[in-house]
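When we follow our numbering, the leftmost residue of the sequence shown carries the number 394, and every step to the right adds one.
Don't be surprised by glycine CBs; every beta carbon is placed ideally from N, CA and C.
The structure displayed is predicted, hence computed values, not measured ones.
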Amino acid sequence: MCCARFRGLFAAVFVLLCLAFTLPAQVDTGTILGTVVDATGAVIPGAKITIRNEGTAFTQSTTSSASGTYVFTALRIGTYTVEAEREGFKRQRRAGLELNIQQQLVADFTLTVGEVSSEIEVTAAAPILQTESGSVGQVVGSQTVNDLPLNGRNYTFLARLVPGATVGQPEGRGLNANGWFTANGTRPAQNNYMLDGIDNNTNDVDFLSGAAYVVKPPIDAIGEFRLQTNSFSAEFGRAGGAVLNATLKSGTNQIHGSAWEFLRNDKVDATDFFLNAAGQKKGAFKQNQFGATAGGPIIKNKTFWFVDYEGTRIRQAVPLTGNTVPTASEVASGFTNFSDLISLQSGSKTDALGRSYPLGTIFDPATTRSIGNGQYVRDPFPGNIIPANRLDPNAIKLLSLFPAPTQAGLYNNFNVNRGSTTDVNAFDVRADQYFSSNDQMFARYSWSNSPSFLPGPFTGFADGGGFNQGDQSVAPMGAALSYTHTFNPTLINEARIGFNRERTTRVQAYGNDTSDIPGKFGIQGILQTPGNGGLPYLGIGGLSQLGSSEWLISDRFSNTVQFTENLTKIYSSHTFKGGFEAQEIYFPWIAPPYSRGGFDFNGQFTSIPENGDGSTGRAQFLLAPTQSTVAGGVNQLGGADSVAASNFGGVAAQRSYRGAYFQDDWKISRKLTLNLGVRWDWFSPTGERYGAQANFVPAPPGQAQYIIPATRQGKPELSPSFTQLLQKDGINLLYSNKDGGSGLSRVQKNNFAPRFGFAYQVTPKLVVRGGYGIYFGAFENRGGYPSLGYSYPFQYSFNFPAPNSVAPATYPNGTIATLENGLSRIGECIRAHSAGDPTALQDSLRAELQPDVTIPAHVQRFPGRRLRRFAQPSSRDFRGNQSAKCVAAARYRSSALRAFPRLRTRLRLCRHNWHC
């Protein structure tokens, strides 16, 4: 289905381009406009106006209207010369006019009586007041981009220079370090990134690349960018936050270029505090960032080229501090003598009989007994020594993977520097073709690849790395093609097609090793397939983690195909614009939470029942389990207080977007301009390419439904325990293609968004501007939500916790691979059939005064409605299976689910309104 949609979209674009029926937006271009009058102030109709790009010699002409006005639209940014002439008047010329991205540059002319052959050169600079639009925004030019120091040379950091924009909220994925910003209090995920007028947003769920954009050209290749934060026109949709619109430099008739090399190293860095305390040296750090740009003509005045390249090489020692490994005496004793647990810490705990024991005392779980009233006691091992015949050989082998401590102590006794690497290569290529004054085209291709390695604290199978460690790669690319045709000076059209793609991968240590590493340590039933290699997650109380983190492997794609078509018609004092936009978005991912299993040993079975100190997890891990602790008879390291598992599968998520708009910029008088527009946005629900998703629809017991697309009936088969639990809770199982099957939920089709703006020039040095608009922003794919693909039987995870401190966790179906056959609760994926799209309402009032500089004073409001709320836990007990990885509707709060005791809610989709 997805491929068919892509083929259809490409076919439509190809036909339109072949017919050259192209339509313009002013997304990465600008407008030059003005009024022609005589010395008395009377308008002069029929004056010939000619513009010329000083870099490329591109020339266009038009005549002033009956009201004396003229407009040149869809112009490439650059430096222009404008001439005005009329029979009976002297020709007038204005040179050196800098046109910025999305700027409406006013160049008025006052002609004096005389011969046309006489020419007057106007040297006054163009006004810096914005007198033609109520939009709130700011252009950041190439000089600013190059002059300001930027760590990493990332132009998106400069967005924070614009009033109303600031750093995003704190988070743990590196987004703030990659240009993440919020505008007027909106979520950073609501911002819209564009490059050369083409969508540049990543739909990489979780933003694993550390950025919300796909392509990041080097700052030397950026011509300029504009950040609009409020009241922008109907041309812009998709999101409710700011619009950051950048354009790449293009070639000119003069060959130009630049080159750079930046070096950072460790010469003046301080030593890490903990490494210094451990007597270790400062880690090495070297960062080289280098590159070049070049541009020029292929055919003078006709064909131009521009290229850039940037490389980054980082070699850095990462201080991995605060890790805990077994002490030297524990290792020397063959993991039998744990006297260090007592001698290296202080304090005591008391059991139910009133007996006091020092912290670190290891109790024998075989001595556990009841003393009535639900209370239990157990006895310690003499001397804190565990008999060798009680130790599990597999546990000994696993504990032997820990390295020797680097310093004395029970905790934080292993600190080390390990080397990380990052290699980035990126380039952009752009070509501009001017067929005539009526036909222009440009094409751009961008590519980047940045493999890196971030080590965990341990080497080999031990790993110990977190979700952000291991082998990583970010590989974005993008392409754009634009064709502009001028039918006549008042009718100009443009078509654009664009594509961006990003793949981000994170692979745990030995992730692609399928030699059954878990089996070497007695852990059976782990699926051996590329991406699922390595040790399971092993959490041992009092020690650092062994094995690889959960949610790995992580392999995610973001593909967006875009087609945009727009038309501009200039009529009298009106500039009419209309257009259409279509996007097909495909963002599959695989990131299973516990496909290798997760085992926790917190020490509750080797401590005082219900009063443990958390330091004896290593003893619980070592003690050979009895059959009663591993029902089904399979030793999965036994004695765990919690076992987690999931299947190994992914979600082939996809969405579609359509948008259409109409805009009228009406210059009522020389002082007053109105910006009137309306936009319609349509966002499809997040579907699954192969129909692998399900939805729970709450209703009174007997009427509630669990819906699976009819095309997936029996693919795969449901476990008997799952269907039995549905029946017990009065939930009807329905196979249906209702609401399209792919999305399993209805969509909001009435997203009509009015836009209004005005600019009134009170005096030549004072302008008052304002605006109001509604903006819909449904593209927030963080974490894959809202996605019904995280639903049983396609995606699921389970958690089997111990019921108390005397009964270890049991998983009655033997291995990680067969756990779904023993469900005691069912996971659900709840989403409203008519969930509304997040909506933002923007309004602003702004005054600008120009003595020698512009001093804005403005007020902005930014209320939001139906904003999605993520990771909101319910008040219900989370024990039982943990397969809910989806979103619930606001009206289906956790309290409404109490009629379904075998359901568990984890996330929900809320509605709330706010203002800032």
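By alpha-carbon distance to ASN1088, the top candidate from PRO1102, PRO1094, GLN1096 and ARG1082 is PRO1102.
Counting only the Cα atoms, THR852 lies some 42 Å from VAL954. Between the C-alpha atoms of ARG823 and ASP1236 there is a straight-line separation of about 37 Å.
With fewer than 16 other Cβ atoms from the protein chains shown falling within 10 Å of its own Cβ, THR505 counts as exposed. It is roughly 13 Å from the alpha-carbon of GLN1056 to the alpha-carbon of SER528.
The stretch 659 to 667 and the stretch 994 to 1011 do not touch, with fewer than three beta-carbon pairs separated by less than 8 Å. Under DSSP, TRP1073 takes part in a beta bridge, and its partners are ALA1053 and PHE1145.
Taking a C-beta distance under 8 Å as the contact criterion, ASN1144 and PHE1169 qualify as a contact pair.
In this structure ASP592 is not in contact with ASP421, their Cβ atoms being roughly 12 Å apart against a cut-off of 8 Å.
Within a 10 Å sphere around the beta-carbon of PRO1109 sit fewer than 16 other beta-carbons, which makes this residue exposed.
Within a 10 Å sphere around the beta-carbon of LYS913 sit fewer than 16 other beta-carbons, which makes this residue exposed. In summary, ASN995 is buried, with 16 or more beta-carbon neighbours lying within 10 Å of its beta-carbon over all protein chains present. Non-local C-beta neighbours of TYR903 in its own chain, meaning closer than 7 Å and more than five positions away in sequence, comprise PHE854, ILE910, GLY926 and GLY927, ordered along the chain. Only residues of its own chain outside the window of five on either side were considered, and among them THR503 and THR505 have a CB closer than 7 Å to the CB of ALA432, listed in chain order. Around GLY1163, the same chain offers GLY527, SER624, GLY1150, PHE1151, ASP1236, SER1237, LEU1238 and ARG1239 as residues with beta carbons nearer than 8 Å, after the five sequence neighbours per side are excluded.
Considering only ALA1233, ALA627 and ASP825, the residue with the shortest C-alpha distance to ALA873 is ASP825. At a Cβ-Cβ threshold of 8 Å, GLY1052 and ARG1072 count as neighbours. The stretch 768 to 778 and the stretch 798 to 818 do not touch, with fewer than 3 CB-CB distances between them shorter than 8 Å. A direct Cα-Cα distance of roughly 9 Å separates ILE919 from PRO929. When secondary structure is reduced to three states using DSSP, ILE442 falls in the strand class. At least 8 Å separates the beta-carbon of ALA759 from that of ARG708.
The beta carbon of PRO796 sits closer than 7 Å to those of VAL718, PHE807 and PHE851, all from its chain and outside the five residues before and after it, given in chain order. Judged by pairs of C-beta atoms under 8 Å, the stretch 695 to 708 does not touch the stretch 762 to 769, as fewer than three such pairs exist. For ALA687, the enclosing beta strand (DSSP E) starts and ends at 678 to 692. With contacts defined as CB atoms closer than 8 Å, SER951 and THR595 qualify as a contacting pair. Leaving aside the five residues that flank THR879 on each side, the residues in its chain whose CB is nearer than 6 Å to its CB run, in chain order, ASN831 and ILE885.
Taken through DSSP and simplified to helix, strand or coil, VAL555 comes out as coil.
By the C-beta density criterion, GLU703 is buried, having at least 16 other C-beta atoms within 10 angstroms.
The alpha carbon of GLY1005 has as its nearest neighbour, out of PHE980, SER1112, ASN810 and LYS742, the alpha carbon of LYS742. Between the alpha carbons of LEU1137 and GLN680 lies a gap of roughly 49 Å. A distance below 7 Å between beta-carbons, with the five flanking residues on each side excluded, links SER651 to the following residues of its chain, in chain order: ASP613, ALA685 and THR686.
Proximity to ASN905 across GLN921, GLN453, GLU895 and ILE890 peaks at GLN921, based on C-alpha coordinates.
Cα atoms of ALA721 and TYR750: separation of roughly 24 Å, rounded to the nearest angstrom.
Pairing LEU498 with THR472 gives a Cβ-Cβ distance that is not under 8 Å.
The alpha carbon of LEU746 has as its nearest neighbour, out of ALA477, THR877, PRO1002 and PRO786, the alpha carbon of PRO1002. Between ARG1048 and GLY1080, the C-beta spacing is below 8 Å.
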